[in-house]
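Quick note, the sequence shown lines up with residues 1196 to 1359 if you use the working numbering.
Even for Gly, the Cβ is constructed at its ideal location relative to N, Cα and C.
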Amino acid sequence: MPSIESFPTKRGTAQFTEDYVYFEESFLGYIKSLYRDYWQRGTWWFSSAFLAYLFAFPVGVWWVVNAVRGGNFLYIAAVSGSILGLWAVNYARGFRSPDRIRLDTIEQVSTTDGLKGLTRPRLVITYTDGETTRKRRVNLPSLYTSGGETVYEQAQEAFAERGF
């Protein structure tokens, strides 16, 4: 019987059952994990990072509203086009974000430990969906958080216990 039944992700949690791995991720889950990992640490640096994350969203909305009011549709088109382009490239590479994946359809789980300050630790789960091979990227908590390295090891061990 596997010992690890769940582990935190960047935007929520991943939970295992006998047949599936479930991903409970949402925007609210992202805010909760930021609160847990940054605000509750109690140091000014981590609290500042949490506030910067929170204020980034309203500033982004404010920028869009000002761009619309100012008639700068070229900026909005450029930003929207970039986002759509990146999404399309991800989609073309086979990445999807299902909420659950059957364990017997998983072919491979690759891990990347990330570079502190540059990239996050992450998993790439390769699975079959009917006749098609797909991928699911799972971003893990930052290495700057108190349990970032531990969560990465937990995630690796959770899949290793299940034969991946």
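query                                                                                                    : result
Same chain, Cβ closer than 7 Å to Glu1344, neighbours up to 5 away in sequence not counted               : Leu1338
Beta-carbon spacing of Thr1300, Tyr1322 below 7 Å                                                        : yes
Coil, strand or helix - Pro1253 by DSSP                                                                  : helix
Whole-number beta carbon distance between Leu1229 and Phe1245, since they are thought to touch under 8 Å : 6 Å
Nearest-angstrom beta carbon gap, Tyr1233 and Ser1242 [assumed within contact, 8 Å]                      : 7 Å
Helix, strand or coil at Lys1227 [DSSP, three-state]                                                     : helix
Bridge partners - Ser1305, DSSP secondary structure assignment                                           : Val1319
Simplified DSSP assignment, three categories, for Arg1264                                                : helix
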